[in-house]
Structures are given as C-alpha cells and as structure tokens.
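A.B. asks:
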Amino acid sequence: AAAPVRLDMPVDWGRYELSVLARGDVPQDMVTVAVALTGKGDWRAQGNGTKAGDMVIFPERSELVITLPHQAQWLSMQMPRSRFESAGLARMLCPAGSTRHVKGQINAGLQGTLTSLAPVLAPHEGHALVGDGEVQLAHDDLLAALLGELTERGSNGSSPPMGPGERLRVVR
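Counting from 703, one number per residue, gives the positions in the sequence shown under the working numbering.
1. Where DSSP assigns a beta bridge to A774, which residues make up the other side?
2. Apart from the five residues on each side of it in sequence, which residues of its chain come closer than 6 Å, Cβ to Cβ, to A774?
3. Less than 6 Å between C-beta atoms, sequence neighbours within five positions excluded: which residues of the same chain meet that for D710?
4. Report the residue from I808, F786, R793, V728 whose alpha carbon sits nearest the alpha carbon of E851.
5. Just reading off the beta strand (DSSP E) that R793 is part of, what are its end residues?
6. Cβ atoms of D744 and H803: under 8 Å apart, would you say?
7. Return the first residue and the last residue of the alpha helix (DSSP H) that R783 is part of.
8. Identify the residues that DSSP records as bridge partners of I808: which are they?
9. Run through DSSP, which three-state label would G741 get?
10. Would DSSP call G726 helix, strand or coil?
11. Answer with buried or exposed for L720, where buried requires no fewer than 16 other C-beta atoms within 10 angstroms of its C-beta.
Encoded structure:
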C-alpha cells in the first residue's frame with residue numbers, strides 16, 4: 703500500500719509483499735527522486751539493474767518503469783526543478799525522456815531521517831497521530847537528507863543518463 707503526504711513537495715511511500723511492475727508518468731512540473739529502500743531480489747529502473755539503496759532521478763514529463771522485488775519498500779519525493787537546482791544538483795538532471803541512476807548505500811543520516819518519518823508516512827495502530835508541525839518538520843528533514851545524499855553521491859560521480867531506448871520490454 704502507498705501512503706502520500708500532502709505538502710508542496712509530495713512524498714510517496716510504499717511497501718509491497720509481492721513483486722510489482724510500476725509504470726506511469728511523473729508530474730509534468732516536478733522532478734521526482736525515488737529511493738529503493740529494501741527488498742528481496744532484483745530491482746529494475748527503466749530496464750536497468752538497481753539495488754536497495756540506489757536513487758533514481760526522473761525529470762519532469764518522463765515515464766517511470768520500475769520492477770520492484772518482493773518485500774520492497776520505496777520512497778519518492780517530488781520537487782520543483784528550481785529547488786533541485788538551488789541545491790547545486792542541476793548537473794544531475796537529465797533531458798526529458800531519460801533518468802539518472804545514482805548508485806549507493808543509504809547512509810546513517812538518511813536512514814535515521816527515514817526511520818523518524820515512518821510514523822508520518824505509514825501510521826499504524828499504537829502510534830499517536832502526529833500534528834501538522836511534526837509533519838512539516840519531518841518533510842523538511844527528508845528534503846534536506848535526500849538532497850544531501852544526492853550531493854554526496856554526485857561528488858563521487860554518477861552513472862550516465864538512462865534513456866528510453868535502454869528499457870527492457872516485458873513479454874508474457
């Protein structure tokens with residue numbers, strides 16, 4: 703099940719017990735940063751092998767094609783291009799129709815932020831409801847952690863853009 707947090711830069715989170723093929727369009731006015739959190743098996747983004755801990759950047763008006771393994775958890779955040787650029791990450795953006803795969807492991811700072819954000823993204827029985835101020839603070843922490851992680855990984859070099867011609871075709 704996926705749970706959206708409604709803010710000016712939407713956050714989506716999901717967890718699936720079975721393997722899933724996700725396909726769709728990303729927003730026309732937002733850059734989407736997706737993080738493969740956990741899962742048992744292979745991930746694929748735009749037909750390319752991915753693994754838990756990797757991040758994928760989808761520019762505006764691009765198509766998302768992701769295969770998630772069973773017991774997968776993922777998170778994505780959408781933000782205006784200007785916010786992404788103001789963080790000094792413009793070089794990581796790709797032209798429409800392609801995406802950027804940023805390999806790596808989730809560092810302790812991002813892991814801590816994700817753990818503290820879990821009750822907001824996936825509230826369940828036994829957790830107290832959180833107020834709007836806590837949601838906004840958690841959202842701001844997540845934005846800072848994602849942009850910081852991308853900055854760190856980008857300084858180590860990132861993979862070339864993945865174009866639509868590199869996708870695998872799914873055949874039954």
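Note that CB positions come from ideal geometry on N, CA and C, so glycine has one too.
C.D. replies: From the atom records:
1. Y718
2. Y718, G741
3. none
4. I808
5. Where R793 is concerned, there is no enclosing beta strand (DSSP E), given that its DSSP letter is neither H nor E.
6. no
7. 783 to 788
8. None, per the DSSP bridge assignment.
9. strand
10. strand
11. exposed
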